[in-house]
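*Asks:* I am attaching a structure below and will ask some questions about it afterwards.
Residue numbers (the numbering used here): -14 to 468.
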């Protein structure tokens, strides 16, 4: 690696040449998104990343005589650095399955539905989606399930569809952004190299104020807009109560998990114990559901063991009598995370060759000319996150590219890595849903039946988040120099 550093220092790749792999990636992703839409993460995006990686390798070897062994070592280093993130993602898949079958998530949704009232429907919808997304770690799942249900309720009450969709998306992305179970949260923290608990705690300084602004706007809008009453929420609540054994005792599982987080245990340990807690609760509170998952009528030791393991690693589905809730309670387990793991590995390959060839350093050098203080660094990161969302049409790739591009820059300017990971989330994660041709924007517009341009002005949290990131950076609140 030392010889390679000498080589790239003597002949750093031209910024224009360094942009070629990014341009190839952007073009390929555009075609992939047009062909596959929201399913691009299931393979198309990975192929695009590997193709762009090949282009970078050919340019590095052909034009700059970079040795393949150097590029290979850089790829290996990148993948090694993402190993813990991959393990966390697999545990997240296990939590998604066990917390659902155990009744933890349904209990939270059930109690959340009780607070719905026409005058406070918008703010309640935002809060419910925030809680569900926080517990599941997925804004997409939240929007496609409880979000669809709330969309129908809001339209029946007479609310404009843009306002309802905006409240749903704002809540879902708030919960996704600060959830331990979120793949984007894990991805942003691991790409930059920040412990996930540190990353989440630091995000609260911009995320909570942004959410408070959103809740204030939705509260005022709910009181001012004309609407009617609807009893459909009680149908969903009753369906949950019929399918699951709803009890406040199940709330001990997230409470115990929260205590482990407060004690600052390693993320992998905390997530593993959260799975164990849910498995115990599953057997105690939902034995009938465990039997259904295992495919038996009566539960014994072997079938119980089988049902618990299937909830952890495989897809599960339950019939509630309500199609929207059937989708909500369906889980994918660890297997459902494999596409994201595949994407991370391919992205690490692309980032590895961009780093090993010196092309990432070449692009970073351009930003170094303009970045002098924390505010300009954050502004550049936020702008890059939105730019990559526009160009690559994928939030995952935008997170990775933004994190990798600015990591060295922040180090050279003496800025904390957690500031970078937060700035990436404040832009690349939350703004993806506001772009019509982005995979997030297309998916949510299709799921909710509302065009991106219609709901965009009402996604208050998503709009305020990058602005709040800039405001906090300008004030200098909780921004320190790296030690």
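Positions of the beta carbon are idealized from the N, C-alpha and C atoms, including for glycine.
#1: Along the alpha helix (DSSP H) that carries residue 304, what are the first and last residues, could you check?
#2: With a cut-off of 8 Å on the beta carbons, I'd call residue 325 and residue 314 a contact; round off their distance for me.
#3: Whole angstroms are fine: how far does the CA of residue 52 sit from the CA of residue 193?
#4: Which class does residue 232 belong to by DSSP, given the choice of helix, strand or coil?
#5: In chain order, what residues of the same chain have a beta carbon less than 6 Å from the beta carbon of residue 344, not counting five sequence neighbours either side?
#6: Near residue 281, which residues of its chain fall below 6 Å by C-beta distance, leaving aside the five closest residues on each side in sequence?
#7: To which residues of the same chain is residue 242 closer than 6 Å at the C-beta, ignoring the five residues directly before and after it?
#8: In the DSSP output, what is residue 316 paired with across the bridge?
#9: With 16 other CB atoms within 10 Å as the buried threshold, where does residue 402 fall?
#10: Anyone know if the C-beta pair for residue 253 and residue 86 falls short of 8 Å?
#11: I need the straight-line Cα distance from residue 40 to residue 29, nearest angstrom please.
#12: For residue 65, which option in 175, 117, 379, 103 has the closest C-alpha, if you only look at C-alpha atoms?
#13: Where does the unbroken alpha helix (DSSP H) through residue 473 begin, and where does it stop?
#14: Residues in its own chain within less than 6 Å of residue 302 by CB, not counting five upstream and five downstream?
#15: Between the alpha carbons of residue 6 and residue 111, how many angstroms are there, rounded?
#16: If you reduce the DSSP assignment to three classes, tell me which class residue 74 lands in.
#17: Let's test the definition: count the other Cβ atoms within 10 Å of the Cβ of residue 125 and tell me whether it reaches 16, buried, or not, exposed.
#18: Taking the C-alpha atoms as reference points, what is the distance between residue 164 and residue 244?
#19: Three or more C-beta pairs under 8 Å: does that hold for the segment 333 to 348 against the segment 187 to 203?
#20: Nearest chain B C-beta to residue 231 closer than 8 Å, yes or no?
#21: Between which two residues does the alpha helix (DSSP H) harbouring residue 158 extend?
#22: Less than 8 Å between the C-beta atoms of residue 155 and residue 446, yes or no?
#23: What three-state label does DSSP hand residue 244 in the structure shown?
#24: Less than 8 Å separating the beta-carbons of residue 263 and residue 116?
#25: Sorted by chain position, which residues of the same chain lie with C-beta nearer than 8 Å to residue 455's C-beta, five sequence neighbours on each side aside?
#26: So, residue 170 versus residue 185, is the Cβ gap smaller than 8 Å?
*Replies:* The relevant details are as follows:
#1: From DSSP, residue 304 is part of no alpha helix (DSSP H); its letter is neither H nor E.
#2: With 8 Å as the limit, residue 325 and residue 314 do not qualify as a contact, their Cβ atoms being about 21 Å apart.
#3: 47 Å
#4: coil
#5: -2, 3
#6: 288
#7: Within the same chain, residue 242 has close Cβ partners 259.
#8: 301
#9: Buried is the call here.
#10: Cβ distance not < 8 Å, so residue 253 and residue 86 don't count as in contact.
#11: 17 Å
#12: 175
#13: For residue 473 there is no data in the structure shown, the boundaries of the chain being -14 and 468.
#14: Within the same chain, residue 302 has close Cβ partners 315.
#15: 40 Å
#16: Helix, per DSSP.
#17: buried
#18: Spanning the two alpha carbons is a distance of roughly 15 Å.
#19: The segment 333 to 348 makes no contact with the segment 187 to 203; the number of CB pairs closer than 8 Å stays below 3.
#20: Included in the structure is just one protein chain, with no chain B present.
#21: Bounds of the alpha helix (DSSP H) holding residue 158 are 146 to 162.
#22: Yes.
#23: helix
#24: If you check the CB distance, residue 263 and residue 116 do not come in under 8 Å.
#25: 360, 363, 364, 367
#26: yes
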